[in-house]
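In this note's numbering, the protein residues as written are 2 to 205.
Written out as structure tokens, the structure is:
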């Protein structure tokens with residue numbers, strides 16, 4: 002149903018090759034599991050869509066469902082957030098244990114008020130997060146997610162954003178549990194999340 006860890010590494014590597022400017026060998030070394038544990042962590046200091054400064058510790062105790070994107074995204078981002086809304090609905094009362102987070106990769110345009118207006122189009126439990134370019138860079142590094150500014154004539158501001166499109170599930174301690182791709186069905190995602198919530202699956 003979902004890509005395995007090797008698939009995530011390969012997909013990220015392909016994105017890096019396409020974008021250029023990154024040292025592929027160094028990136029791949031950074032992705033290797035350490036003693037069987039993925040190096041993805043929930044580690045950030047950002048600003049939520051209400052203007053409040055938050056860190057990953059504010060969400061300790063809940064399973065985080067994290068997606069990186071941007072509000073001017075024409076397809077993948079709104080589709081994924083719609084899927085997240087359906088996942089929460091499918092989880093029912095179990096959704097209280099899950100905190101969905103939408104982290105922008107476009108902090109220049111996605112100020113808190115823009116994020117607030119955007120996430121309001123989806124489930125009210127989704128928290129939009131933004132910050133300074135350096136804060137976004139640090140958050141993306143922690144999740145090992147890729148993004149890049151791409152010039153595009155006619156786009157707002159003259160550019161768009163290229164980015165990874167994985168949905169990360171992090172456990173209540175902020176550790177990587179698993180990830181989902183844009184092709185995964187919301188019902189299947191909800192089933193797998195519930196398996197983690199009920200202890201049928203555990204973080205390696």
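Heads up, the beta-carbon is just placed ideally off N, CA and C, and yes, glycines get one too.
query: Can you find the residues in the same chain that come closer than 6 angstroms, C-beta to C-beta, to residue 167, ignoring five residues on each side of it along the sequence?; result: 180
query: To the nearest angstrom, how far is the alpha carbon of residue 63 from that of residue 161?; result: 32 angstroms
query: Please report the Cβ distance between residue 131 and residue 108, rounded to the nearest whole angstrom; I am assuming they are in contact, meaning their Cβ atoms lie under 8 angstroms.; result: 5 angstroms
query: For the 8 angstroms Cβ check, are there 3 or more pairs between the region 169 to 189 and the region 72 to 90?; result: yes
query: When you compare each of 118, 91, 90, 93 to residue 103 by their alpha carbons, which one comes out closest?; result: 118
query: Which word fits residue 153, buried or exposed, when buried means at least 16 other C-beta atoms lie within 10 angstroms of its C-beta?; result: exposed
query: Tell me, to the nearest whole angstrom, how far the beta carbon of residue 45 is from that of residue 140; I am working on the premise that it is less than 8 angstroms.; result: 4 angstroms
query: In three-state terms, what does DSSP make of residue 95?; result: helix
query: Which class does residue 104 belong to by DSSP, given the choice of helix, strand or coil?; result: strand
query: Locate the beta strand (DSSP E) running through residue 1, then write down its first and last residues.; result: Because residue 1 is not part of the residues shown, which for the chain are 2 to 205, the question remains open.
query: Excluding the five sequence neighbours on either side, which residues of its own chain have a C-beta within less than 7 angstroms of the C-beta of residue 27, listed in chain order?; result: Caution applies to residue 27, whose pLDDT of 32 falls short of 50 and renders its modelled position unreliable; the value that the coordinates give is listed next. No residues qualify anywhere along the chain.
query: Whose C-alpha, out of 116, 134, 200, is nearest the C-alpha of residue 149?; result: 134
query: Hey, quick one: how far does the alpha helix (DSSP H) through residue 123 stretch, first residue to last?; result: Neither: residue 123 is in no alpha helix (DSSP H) and is coded neither H nor E.
query: Quick check on residue 114: does DSSP put it in helix, strand or coil?; result: helix
query: Kindly give me the distance between the Cβ atoms of residue 175 and residue 61, rounded to whole angstroms, as I take these residues to be in contact under 8 angstroms.; result: 7 angstroms
query: Comparing alpha-carbon positions, which option in 144, 195, 74, 199 lies nearest residue 111?; result: 74
query: Please classify residue 155: is it buried, with 16 or more other beta-carbons within 10 angstroms of its beta-carbon, or exposed?; result: exposed
query: According to DSSP, is residue 178 helix, strand or coil?; result: strand
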